[in-house]
Amino acid sequence: MAEFHPALTQADWSAVWLTFKLASVVTVILLLVGTPIAWWLARTRSKWKGPVGALVALPLVLPPTVLGFYLLVAMGPHGPVGQFTQWLGIGLLPFTFAGLVVGSVFYSMPFVVQPIQNAFEAIGERPLEVAATLRANPWDRFFTVMLPLAKPGFITAAILGFAHTVGEFGVVLMIGGNIPEQTRVVSVAIYDHVEALEYAEAHLLSAGMLIFSFLVLLALYSRKTSVWR
Amino acid sequence: MDSIRTLLTAITATLALGLTTPMLAEESASAGAITIAAAADLKFAMDEIVEAFRVAHPDAKVDVIYGSSGKFHTQIQQGAPFDLYFSADIAFPRGLEEKGLSAGPTRPYALGRIVLWSPGLDATTMTLNDLTDSRIRKIAIANPRHAPYGMRAEEALRALGLWDALQGKLVMGENIAQTAQFVQTGNAEVGIIALALALNPTLAEAGGYHLIDDRLHEPLEQGFIVTLRAKDNPLAHDFADFMTSPQTRAIMSHYGFVLPGDAVEE
């Protein structure tokens with residue numbers, strides 16, 4: 001062990017930065033997209049509540065390979081998404097950072113929607129009714145009553161969405177193409193190191209992931225007011 | 001009460017199933033069983049070889065797992081239950097042999113070739129120099145860090161001074177089969193893949209290929225071993241011997257592999 005002086009290479013640092021960037025972008029998008037979905041799911045009495053809820057939860061049970069396979073085919077030149085992105089003039093999504101963002105948004109969706117939905121459901125109708133009698137308009141009610149009350153749910157959602165995106169591997173391997181600074185995230189870099197028998201480098205990145213993940217979960221479980229049971 | 005009884009029955013049934021399955025597996029092992037780890041370029045050739053092998057061993061259980069040579073190399077060192085290991089780069093099994101993880105010497109079984117392949121463009125009229133064309137946006141190769149076909153692709157592109165110019169276009173497959181799949185789905189316009197894959201009917205129907213001059217890269221010498229754990233498994237040794245049979249040689253030639261003992265180049 002005396003000879004063991006590993007250090008992260010330039011390529012590894014760029015994978016760490018890329019992973020951070022991907023998880024941040026995906027979390028922001030998911031908070032924007034997921035909130036209205038969670039709001040609707042929490043309050044609707046529509047017969048579509050079940051199907052939409054099941055659709056959102058699918059990535060919890062589907063193997064990432066299913067998502068990766070369909071994304072690769074759909075976003076390819078002959079797939080519907082690929083035809084659309086080409087028509088828009090932005091080219092094809094596989095092997096690009098944007099493609100990973102799209103894949104991760106689907107993949108991490110339930111981890112963001114469900115905590116927010118649970119928070120909304122726990123708050124219930126009562127505070128909104130009270131606010132309405134005080135003549136708050138619907139937007140006011142949402143932004144000044146619901147959002148502050150649901151804050152713990154949003155924090156949980158953001159942490160889980162971010163962490164789950166950092167932990168993504170299967171989907172990235174299938175639609176990423178392992179391009180430095182574009183699609184080579186930490187999990188893929190670890191896989192590469194192991195395959196190339198570079199165990200010291202693999203250890204370093206893996207230990208980093210382990211510590212990061214533990215701290216994230218520690219932060220989550222140590223919070224007193226956990227809305228997401 | 002009823003639901004508890006149902007639950008208990010279900011648990012008992014599950015346990016019983018779990019306990020008897022290994023026994024069933026053991027029973028078939030009396031006719032012999034082997035697990036083969038094979039480089040992804042062998043995908044179609046090995047399927048046919050196993051089929052031919054089964055004619056003489058109808059009750060034998062032969063499983064083949066395809067993947068990258070580098071990955072299997074790592075896994076066997078960690079005790080993976082493979083009885084034979086076919087690598088696209090002979091250096092990997094030789095490394096295992098040196099570490100005493102092989103039941104015998106490493107045997108060369110073929111020379112691989114790399115080709116330029118595309119379902120969308122006419123690859124038969126293309127050369128590597130055409131890859132700089134702006135109409136080609138993505139080029140798939142196997143990851144040169146651990147996939148032998150990727151290493152050779154990199155060498156060929158470097159030999160022509162194209163490697164640096166193509167950096168922005170290269171996407172990397174985990175193994176040579178995934179590389180071909182990136183091209184087949186149209187997500188990369190062209191790919192540098194194994195001749196053995198380009199000759200497979202499905203891919204051959206989709207597009208033509210251009211054989212890359214093998215003076216541009218180190219030879220893709222492929223080798224296999226019977227692993228240490230299969231030392232006393234007669235079926236594993238039977239299969240190893242079957243690799244030199246006329247039948248196997250015919251299948252391998254059909255898939256574009258140059259065989260040991262044959263002229264290297266026409």
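As given, the protein sequences belong to chains C and L, one line each in that order.
By full-length UniProt numbering, the letter at position 71 of the first sequence is numbered 71, and the numbering carries on one by one without gaps.
By full-length UniProt numbering, the letter at position 190 of the second sequence is numbered 190, and the numbering carries on one by one without gaps.
We put the CB at the ideal spot given by N, CA and C, even for glycine.
With 16 or more other CB atoms across the displayed protein chains lying within 10 angstroms of its CB, S187/C is buried. For I190/C, there are no C-beta contacts with chain L under 7 Å, since the nearest C-beta of that chain is about 13 Å from it.
Taking 8 Å as the threshold, the shortest C-beta distance from T227/L to chain C does not fall below it.
In this chain, the beta strand (DSSP E) harbouring W117/L covers I114 to W117. For V62/L, no Cβ of chain C is located within less than 8 Å of the residue's own Cβ. Ranked by Cα distance from V171/L, the first of L149/C, I175/C and R135/C is I175/C. At a Cβ-Cβ threshold of 8 Å, V145/C and P110/C do not count as neighbours. Using a CB distance below 7 Å, the part of the stretch 156–190 of chain L facing chain C consists of V171, M172, E174, F182, T185, G186 and N187, ordered along the chain. Of all residues in the stretch 70–83 of chain C, the ones placed with a Cβ closer than 7 Å to any Cβ belonging to chain L are L72, V73, G76, P77 and H78, in chain order. Within the DSSP secondary-structure output, H164/C pairs in no beta bridge. Membership of I141/L in the beta strand (DSSP E) is indicated by the continuous run I139 to A142. Note on geometry: alpha-carbon atoms of P80/C and V61/C lie some 25 Å from one another. Per DSSP, the continuous beta strand (DSSP E) segment holding I192/L begins and ends at V190 to A194. Taking all protein chains shown into account, T179/L has 16 or more neighbouring C-beta atoms within 10 Å of its C-beta and is therefore buried.
Closer than 9 Å at the C-beta level to chain C, one finds these residues of the stretch 140–157 of chain L: A140, N143, R145, H146 and A147.
Around V194/C, the same chain offers A202 as residues with beta carbons nearer than 8 Å, after the five sequence neighbours per side are excluded.
Identification of chain C residues near K71/L by a Cβ-Cβ cut-off of 7 Å yields E195, ordered along the chain.
By the neighbour-count criterion, in which 16 or more other beta carbons inside 10 Å mark a residue as buried, A165/L falls on the exposed side.
Excluding five sequence positions before and after V25/C, the CB atoms of its chain that fall closer than 6 Å to its own CB belong to V101, given in chain order.
If you ignore the 5 residues before and after S108/C, its C-beta comes within less than 7 Å of the C-beta of V26, L30, G161, H164 and T165, all in its own chain and listed in chain order. Around the CB of N118/C, 16 or more other CB atoms lie within 10 Å, so the residue is classed as buried. Contacts between P94/C and chain L, judged by CB atoms closer than 7 Å, involve N187 in chain order.
Listed in chain order, the positions of the stretch 167–180 of chain C with a beta carbon within less than 7 Å of a beta carbon of chain L are L173, G177, N178 and I179.
Looking from the CA of S245/L, the closest CA among I49/L, L195/L, F44/L and A60/L belongs to I49/L.
Residue-level contact by beta carbon fails for S118/L and chain C, as no gap is shorter than 8 Å.
Taking a 10 Å sphere around the C-beta of L210/C, we find fewer than 16 other C-beta atoms and assign the residue as exposed. Where F224/L is concerned, the enclosing beta strand (DSSP E) starts and stops at L220 to V226.
In this structure, the beta-carbon distance from Y209/L to A196/L does not fall below 8 Å. For L211/L, the three-state secondary structure derived from DSSP is strand. Between the stretch 109–121 of chain L and the stretch 206–225 of chain L there are three or more inter-stretch CB-CB distances shorter than 8 Å, so the stretches are counted as touching. Within 9 Å of the CB of S68/L, the CB atoms of chain C belong to E195, in sequence order along the chain. Within chain C, not a single residue places a beta-carbon under 7 Å from that of K99/L; the smallest gap is close to 12 Å. In the assembly as shown, F214/C is an exposed residue. Its beta-carbon has fewer than 16 other beta-carbons within 10 Å. A122/C and E181/C have their alpha carbons spaced roughly 42 Å apart.
Under the three-state reduction of DSSP output, Y107/C falls in the helix class. At a C-beta separation below 9 Å, K138/L has these neighbours in chain C: L92, P94, F95 and G177.
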